[in-house]
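*Asks:* Pasting a structure below so you can have a look.
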Amino acid sequence: MNQYDAIVIGAGHNGLTNAAYLAKAGLEVLVVEKNDYIGGAAVSRELHEGWVYSSCSYVCSMMRQAIHRDLDLTKHGLILVPYLGNVAFGDNGETLVGYTDEEANYNALRKISPHDADAMFRLHTDLARYAQLIRKTLLRTPPDPTSFRPRDINELLWLAKQFWSLGEKELYEYIRFFTMSAADYLEDYLENDLIKATMASAGIIGTALGVYSPGSAYILLHHVMGDVDGNIGAWGLARGGMGAISQSLAGALQEHGGEIRLNAGVQKILVKNQKAVGIVLENGDELYANIVVSNLDAKRTFTQCMDEDDLPPGIFEKAKNFKIRGSSGKVNIALSGLPKFTGVPNNRYVNRGGQAFVGSLETMERAYDDWKHGRWSKDPFIESVIPSAWDPTVAPPGKHWMSNFVQYCPSQLADGPWTPEKRNAFGQTVVDKIERYSPGFKDLIVHMEVRTPHEIEAEVGLTEGNIFQGELTIDQLLFNRPFPGYAQYRMPVKNMYMCGSSTHPGGGVSSACGANAAREILMDLRRSNTVPVDDFYDE
Amino acid sequence: MTMSESNTITVDPFEGERPKETHFHARMAVLNIRENWAAWNGYKLANYFYDAEYEYFCVRNGCGTYDICGMQKYFVAGKDAEAMLNRMVTRDISKMNVDRVTYLVWCTDEGRLIDDGTVFKLGHERFMLTCGSPSLAWLEKSCYGFKDVSIVDMSEQIAALAFQGPTSCEVLKRMGLEDIHTLKPFGIMHFPFAGSEDKPLMVSRTGFTGDLGYELWIKPELALEMWDSLYAAGEDYNIQPFGEAALNMARMEAGFIMPLMEFNETLKTVHFRHDHTPFQLSLDWLVDFKKPHFNGRAALLKEKHDGAEYTLVKLDIEGNKPAEECNVYSDEDCENEIGYVTSAMWSPAVKANIALAMVKTKYLKGEIWAEIYYNKELRPYKKVARCTIKEKPFWTHPRSRATPPLPY
Numbered sequence: 002m003n004q005y006d007a008i009v010i011g012a013g014h015n016g017l018t019n020a021a022y023l024a025k026a027g028l029e030v031l032v033v034e035k036n037d038y039i040g041g042a043a044v045s046r047e048l049h050e051g052w053v054y055s056s057c058s059y060v061c062s063m064m065r066q067a068i069h070r071d072l073d074l075t076k077h078g079l080i081l082v083p084y085l086g087n088v089a090f091g092d093n094g095e096t097l098v099g100y101t102d103e104e105a106n107y108n109a110l111r112k113i114s115p116h117d118a119d120a121m122f123r124l125h126t127d128l129a130r131y132a133q134l135i136r137k138t139l140l141r142t143p144p145d146p147t148s149f150r151p152r153d154i155n156e157l158l159w160l161a162k163q164f165w166s167l168g169e170k171e172l173y174e175y176i177r178f179f180t181m182s183a184a185d186y187l188e189d190y191l192e193n194d195l196i197k198a199t200m201a202s203a204g205i206i207g208t209a210l211g212v213y214s215p216g217s218a219y220i221l222l223h224h225v226m227g228d229v230d231g232n233i234g235a236w237g238l239a240r241g242g243m244g245a246i247s248q249s250l251a252g253a254l255q256e257h258g259g260e261i262r263l264n265a266g267v268q269k270i271l272v273k274n275q276k277a278v279g280i281v282l283e284n285g286d287e288l289y290a291n292i293v294v295s296n297l298d299a300k301r302t303f304t305q306c307m308d309e310d311d312l313p314p315g316i317f318e319k320a321k322n323f324k325i326r327g328s329s330g331k332v333n334i335a336l337s338g339l340p341k342f343t344g345v346p347n348n349r350y351v352n353r354g355g356q357a358f359v360g361s362l363e364t365m366e367r368a369y370d371d372w373k374h375g376r377w378s379k380d381p382f383i384e385s386v387i388p389s390a391w392d393p394t395v396a397p398p399g400k401h402w403m404s405n406f407v408q409y410c411p412s413q414l415a416d417g418p419w420t421p422e423k424r425n426a427f428g429q430t431v432v433d434k435i436e437r438y439s440p441g442f443k444d445l446i447v448h449m450e451v452r453t454p455h456e457i458e459a460e461v462g463l464t465e466g467n468i469f470q471g472e473l474t475i476d477q478l479l480f481n482r483p484f485p486g487y488a489q490y491r492m493p494v495k496n497m498y499m500c501g502s503s504t505h506p507g508g509g510v511s512s513a514c515g516a517n518a519a520r521e522i523l524m525d526l527r528r529s530n531t532v533p534v535d536d537f538y539d540e
Numbered sequence: 050m051t052m053s054e055s056n057t058i059t060v061d062p063f064e065g066e067r068p069k070e071t072h073f074h075a076r077m078a079v080l081n082i083r084e085n086w087a088a089w090n091g092y093k094l095a096n097y098f099y100d101a102e103y104e105y106f107c108v109r110n111g112c113g114t115y116d117i118c119g120m121q122k123y124f125v126a127g128k129d130a131e132a133m134l135n136r137m138v139t140r141d142i143s144k145m146n147v148d149r150v151t152y153l154v155w156c157t158d159e160g161r162l163i164d165d166g167t168v169f170k171l172g173h174e175r176f177m178l179t180c181g182s183p184s185l186a187w188l189e190k191s192c193y194g195f196k197d198v199s200i201v202d203m204s205e206q207i208a209a210l211a212f213q214g215p216t217s218c219e220v221l222k223r224m225g226l227e228d229i230h231t232l233k234p235f236g237i238m239h240f241p242f243a244g245s246e247d248k249p250l251m252v253s254r255t256g257f258t259g260d261l262g263y264e265l266w267i268k269p270e271l272a273l274e275m276w277d278s279l280y281a282a283g284e285d286y287n288i289q290p291f292g293e294a295a296l297n298m299a300r301m302e303a304g305f306i307m308p309l310m311e312f313n314e315t316l317k318t319v320h321f322r323h324d325h326t327p328f329q330l331s332l333d334w335l336v337d338f339k340k341p342h343f344n345g346r347a348a349l350l351k352e353k354h355d356g357a358e359y360t361l362v363k364l365d366i367e368g369n370k371p372a373e374e375c376n377v378y379s380d381e382d383c384e385n386e387i388g389y390v391t392s393a394m395w396s397p398a399v400k401a402n403i404a405l406a407m408v409k410t411k412y413l414k415g416e417i418w419a420e421i422y423y424n425k426e427l428r429p430y431k432k433v434a435r436c437t438i439k440e441k442p443f444w445t446h447p448r449s450r451a452t453p454p455l456p457y
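From first to last, the protein sequence lines stand for chains B and X.
If you use the numbering used here, the first sequence corresponds to residues 2 to 540, in order.
If you use the numbering used here, the second sequence corresponds to residues 50 to 457, in order.
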């Protein structure tokens, strides 16, 4: 069969979500995937026997609960397990232990700064106010501010009402917040550098900005607004690795009759009379569909899978200039035992959760300087987690693996293209830094998967290896994502849609982009909506 | 002696008043860093040790231990033991094989539920009955007319530990319990332990979490040694003690009933019909009218014929506000009350707002709405949410029934 109601390009979690909702509405859906495995950046891979890496994304807090529940992802094998404890390491040997328990956390902060321990309540309250507002927009289609359609006007009014409900002072603060740097934002609250640096680190993850760059405050919010079962700011691990999320979505898709084809990279989206009519696979096969949905990032979709001539004027340029810069690497390390960290209590609730090698605000800014100069950071910020300490299924008993997210790592080096040697040297930089805080770490290493933006782009398909499918700065958020005028998942070519993180609400394993796009598609097809509305703990 | 003279209290003026420590207390006290203790039949029992939700996830993801020393345990022995028990309980236990366990309930002559529990068939004329509340008086009363039956309260002489979760079988194997994977659900095996060849460790494949799990039974002298051995084996399998809070979450997802939540023991119920019958609790499958006469038979037969006034159902409730202690209605305006929620929670595993509720049977086919009250920063809110009846447990996993259990 080569004719479908809808073809979704890319079996990442948003593509699968989109397809599942279309299939649930009764459409005949095909998902095509270039790799011989599904998952995109939500993937579990056994690259060394017995160890299962979450090769790309590694923790989860934005997954829309309403979707998990609605598609019955638990039945399809998904369990999200929260992990406990975080340790931040400073440059001078100081450590900051973070707890989920409010009182324990307060006591830990007090040991470093009584002032900041108190101030943290105000900071978290303010962040929670901003976060709850953004959270409400996740499973909604952004309004077009220039449109006079009743739906857009209603949605704009709704959005305005949400903002107004903050109160006058907070409204001003919020608008300021969107343009601030993480470090400047925190300056008003905190005094201790390690605490500031620890909080600010969430503002640079996955983004080509520094802690002092305007716009990084929002990224911070993007990383703390999620929740696990209503525990705002908590992070969970998917049992079996992040691939369990994609697998469960695939299970839901197949339950509703959808189909997935592997080893089916797309060469081109077929357009006839300004309408998308199908795709051409890399092997030359042509497949036809009434609807074509791209889960690829905006740049890749328009500049690599479409002819410039098939697009209305300006779109190709917009896509070419879409801000999607590679800034992060990922080093997955299989270990023969649990690493021990200097200055961390030997207590299971804190010594095996998350580790943040933050150094200081200064160190993180210098790390950004290296990136600007086309080098990977000599002294990078690393955010780590040891999933095997919580999930018995991802490493042999007693063995572990550590996920290390590394900021910064450029997609293009100043001294020429990436080579395996340079990639290994990047990996060594990461290992050396961890060894500083965990003497003996190197001796535990059994296997390593080093991923620079080069590998991430080559394997996952994300342009420049940008984890968000495009920077999360205000010029590319909400009704500006991916481009102004095209934020409602419909693309410039008729019958063509986008459903990946290049669309609202952006990066993160949330399933929201895919679900939102499905709702729009079903509306256009005059089918009844299958996508649930979001539910909130703090409605 | 005043406190100022010494910080050491040599004579405890409240001796005997404090909750007793169970046979595992020495180990649990070290791990109970939040010092949050409840009590069960006079024994200290942790509400949680560190974080209730984390402990709950150990049961769903790794494995956990739950102290059941507070459970009441009675040896019922003698030629008439089986006949006496079969007369007391509503289920037919006459076909039980040795080394099997069965879940059951017992009622008054009026068919009202006294308690639920499990019977272990330890030998041809030897049974162990376990239950949540002290039941010696009722057991002795139930012996009336039976010649050869003895009741011995073993509650303090047996240390017992529930051990539940997907990795539990693997850990027991590591602990040296050979062939544990061949143990079927509701089966019993005996193992040598601590150098003793007389198999002092009894393991039953039973539990209260709806997942793979076991219960370990041993004499108190070996309790700590067993704990240490189990925890050494479980080190790499996410072993963790869990408290009552986590147990309550797991059992609710499994759809199991709890005294003082789903049912009020009839012998402790003052108000007319505030107690329950097995039919009301959807325990029809525990009542066997084919067996000889048993307590409550006539009344239950009548109820089966007439239909129970209330039926316990599993509800999936829209939204995410747990419907704790709320009434349910047949209409969204909440004008016609048709029942009440017995327990409710947000299920982290299933990502659903779940509840068990007693609903008037005649309204089961219609709409059900819950009137939920919740509090947001001191201000109370009300929400009316649609409820859907679920036939199956909210959580279940094939490994809980498979022998050998499926890989974790």
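The C-beta atom is built at its ideal place from N, Cα and C for all residues, glycine as well.
Nothing here was measured: the structure is a model prediction, and the numbers come from that model.
Under a three-way DSSP split, which group does N481 (chain B) fall into?
*Replies:* Locating residue 481 (chain B) in the first sequence gives position 480, where the first residue counts as 1. Three-state result, N481 (chain B): helix.
*Asks:* Just to confirm, is the Cβ distance from F442 (chain B) to P340 (chain B) under 7 angstroms?
*Replies:* Counting from one through the first sequence, the residue named residue 442 (chain B) turns up at place 441. Counting from one through the first sequence, the residue named residue 340 (chain B) turns up at place 339. Yes, they are a contact pair.
*Asks:* Give a yes or no on contact between the region 265 to 272 of chain X and the region 370 to 385 of chain X, applying the rule of three or more CB pairs nearer than 8 angstroms.
*Replies:* no
*Asks:* I'd like to confirm the pairing. Which residues does DSSP put opposite P83 (chain B) in its beta bridges?
*Replies:* As a first step, residue 83 (chain B) must be located in the first sequence, where it is residue number 82. Beta-bridge pairing links P83 (chain B) to B:G237.
*Asks:* Between the Cα of I68 (chain B) and the Cα atoms of X:K222, X:N81, X:A401, which residue gives the shortest distance?
*Replies:* Taking the first residue of the first sequence as 1, we reach residue 68 (chain B) at position 67. Checked all of X:K222, X:N81, X:A401; the closest Cα to I68 (chain B) is X:A401.
*Asks:* How far does the alpha helix (DSSP H) with A368 (chain B) in it extend, from its first residue to its last?
*Replies:* The sequence position of residue 368 (chain B) within the first sequence is 367, counting from 1. 362 to 373 is the span of the alpha helix (DSSP H), which, as asked, contains A368 (chain B).
*Asks:* With three or more beta-carbon pairs closer than 8 angstroms as the criterion, would you say the region 354 to 373 of chain B touches the region 79 to 90 of chain B?
*Replies:* yes
*Asks:* What are the residues that DSSP puts in a beta bridge with E420 (chain X)?
*Replies:* If you number the second sequence from 1, residue 420 (chain X) lands on position 371. E420 (chain X) pairs with X:V433.
*Asks:* Assuming A393 (chain X) and N96 (chain X) form a contact by the criterion Cβ under 8 angstroms, report the distance between their Cβ atoms to the nearest whole angstrom.
*Replies:* On the second sequence, position 344 is the one that residue 393 (chain X) refers to. On the second sequence, position 47 is the one that residue 96 (chain X) refers to. With a Cβ gap of about 18 angstroms, A393 (chain X) and N96 (chain X) do not count as contacting.
*Asks:* Return the first residue and the last residue of the alpha helix (DSSP H) that D129 (chain X) is part of.
*Replies:* Residue numbering aside, residue 129 (chain X) sits at position 80 when the second sequence is read from its first letter. From DSSP, D129 (chain X) is part of no alpha helix (DSSP H); its letter is neither H nor E.
*Asks:* Beta carbons nearer than 7 angstroms to chain B: which residues of the region 390 to 417 of chain X have them?
*Replies:* W395, P397, A398, V399, K400, A401
*Asks:* Scan the region 266 to 288 of chain X for residues whose Cβ lies nearer than 9 angstroms to a Cβ of chain C and list them as they occur along the chain.
*Replies:* The chain inventory of the structure shown lacks chain C, comprising the protein chains B and X.
*Asks:* Could you tell me which chain B residues have their CB closer than 9 angstroms to the CB of Y97 (chain X), listed as they occur along the chain?
*Replies:* Taking the first residue of the second sequence as position 1, residue 97 (chain X) is located at position 48. What Y97 (chain X) touches in chain B: nothing, since even the nearest Cβ is about 11 angstroms away.
*Asks:* Who pairs with A209 (chain X) in a beta bridge, going by DSSP?
*Replies:* As a first step, residue 209 (chain X) must be located in the second sequence, where it is residue number 160. Beta-bridge annotation (DSSP): A209 (chain X) is paired with X:W266.
*Asks:* Of all the CB atoms in chain X, is at least one closer than 7 angstroms to the CB of L85 (chain B)?
*Replies:* Here residue 85 (chain B) is taken as the residue at index 84 of the first sequence, counted from 1. Cβ-Cβ to chain X under 7 angstroms: yes for L85 (chain B).
*Asks:* For K476 (chain X), which of X:G160, X:E284, X:K425, X:Y105 has the nearest alpha-carbon?
*Replies:* With chain X covering 50 to 457 only, the question about residue 476 (chain X) has no answer from this structure.
*Asks:* Compare the C-alpha of E227 (chain X) against each of X:L162, X:P234, X:L210, X:K248 and name the closest.
*Replies:* Within the second sequence, numbered from 1, the residue matching residue 227 (chain X) stands at position 178. With distances taken between Cα atoms, E227 (chain X) lies closest to X:K248.
*Asks:* Compute the beta-carbon to beta-carbon distance between P398 (chain B) and G375 (chain B), rounded to the nearest angstrom, for a pair I have assumed lies under 8 angstroms.
*Replies:* Here residue 398 (chain B) refers to the residue found at position 397 when the first sequence is read from its first residue. Here residue 375 (chain B) refers to the residue found at position 374 when the first sequence is read from its first residue. The pair is not a contact, with the Cβ atoms about 43 angstroms apart (cut-off 8 angstroms).
*Asks:* How many whole angstroms separate the CB atoms of S247 (chain B) and V44 (chain B), which I take to be in contact at a CB cut-off of 8 angstroms?
*Replies:* Looking up residue 247 (chain B) in the first sequence gives position 246. Looking up residue 44 (chain B) in the first sequence gives position 43. Between V44 (chain B) and S247 (chain B) the Cβ distance is about 6 angstroms, and since that is below 8 angstroms, they are a contact.
*Asks:* Specify whether the region 138 to 148 of chain X and the region 199 to 210 of chain X touch according to this definition: at least 3 beta carbon pairs, one from each stretch, less than 8 angstroms apart.
*Replies:* no
*Asks:* Please classify Q121 (chain X) as buried or exposed, where buried requires at least 16 other C-beta atoms within 10 Å of its C-beta.
*Replies:* Taking the first residue of the second sequence as 1, we reach residue 121 (chain X) at position 72. Counting Cβ neighbours within 10 Å, Q121 (chain X) comes out buried, since at least 16 surround it.
*Asks:* What does Y289 (chain B) pair with, by DSSP beta-bridge criteria?
*Replies:* On the first sequence, position 288 is the one that residue 289 (chain B) refers to. DSSP output for Y289 (chain B) lists B:Q4, B:G279 as bridge partner(s).
*Asks:* Mind checking Q206 (chain X): buried by the 16 CB within 10 Å criterion, or exposed?
*Replies:* One-based indexing of the second sequence puts residue 206 (chain X) at position 157. Q206 (chain X) comes out exposed.
*Asks:* Chain B partners of T216 (chain X), CB-CB under 8 angstroms?
*Replies:* Within the second sequence, numbered from 1, the residue matching residue 216 (chain X) stands at position 167. Within 8 angstroms Cβ-Cβ: P393.
*Asks:* Assign C180 (chain X) to one of three DSSP states: helix, strand, or coil.
*Replies:* Position 131 of the second sequence, counting from 1, holds the residue named residue 180 (chain X). Correct three-state label for C180 (chain X): strand.
*Asks:* For R67 (chain X), is the classification buried or exposed, using 16 other Cβ atoms within 10 angstroms of its Cβ as the cut-off for buried?
*Replies:* Taking the second sequence and counting its residues from 1, one reaches residue 67 (chain X) at position 18. Its Cβ having fewer than 16 others within 10 Å, R67 (chain X) is exposed.
*Asks:* Is the Cβ of F106 (chain X) closer than 7 angstroms to any Cβ of chain B?
*Replies:* Along the second sequence, one-based indexing puts residue 106 (chain X) at 57. Yes, F106 (chain X) counts as interfacial toward chain B.
*Asks:* Could you check what DSSP says for L139 (chain B) in three-state terms: helix, strand or coil?
*Replies:* Here residue 139 (chain B) refers to the residue found at position 138 of the first sequence. Of the three classes helix, strand and coil, the one that applies to L139 (chain B) here is coil, per DSSP.
*Asks:* Entirely within the region 440 to 468 of chain B and at least 4 residues each: give me those alpha helix (DSSP H) ranges in chain order.
*Replies:* 454 to 461
*Asks:* Return the CA-CA distance between E191 (chain X) and V60 (chain B), expressed in angstroms with no decimal places.
*Replies:* Against the second sequence, residue 191 (chain X) aligns to sequence position 142. Against the first sequence, residue 60 (chain B) aligns to sequence position 59. Per the sequence shown, residue 191 (chain X) should be read as Ser rather than Glu. Using only the alpha carbons, I get a separation of about 57 angstroms.
*Asks:* So, at 8 angstroms on beta carbons, what are the nonlocal neighbours of F164 (chain B) in its own chain, with the 5 sequence-adjacent residues on each side left out?
*Replies:* Taking the first sequence and counting its residues from 1, one reaches residue 164 (chain B) at position 163. Only L134, L172, Y175 meet the Cβ criterion.
*Asks:* Cα-Cα, which of B:N352, B:A513, B:P533, B:L210 is closest to S62 (chain B)?
*Replies:* Position 61 of the first sequence, counted from the first residue, corresponds to residue 62 (chain B). Ranking B:N352, B:A513, B:P533, B:L210 by CA distance to the CA of S62 (chain B) puts B:A513 first.
*Asks:* For L185 (chain X), collect the residues of the same chain with a Cβ closer than 6 angstroms to its Cβ; drop the 5 residues on either side in sequence, then sort them by chain order.
*Replies:* Stepping through the second sequence from its first residue, residue 185 (chain X) is reached at position 136. The answer, listed in chain order, is D202.
*Asks:* Does the beta carbon of Q66 (chain B) come closer than 7 angstroms to any beta carbon on chain X?
*Replies:* Here residue 66 (chain B) is taken as the residue at index 65 of the first sequence, counted from 1. Chain X contact via Cβ: present.
*Asks:* Which one or two residues does DSSP pair with S199 (chain X) in a beta bridge?
*Replies:* Taking the first residue of the second sequence as position 1, residue 199 (chain X) is located at position 150. Beta-bridge pairing links S199 (chain X) to X:A126.
*Asks:* DSSP puts R32 (chain X) in a beta bridge; with which residues?
*Replies:* Outside the shown range of chain X (50 to 457) lies residue 32 (chain X), about which nothing can therefore be said.
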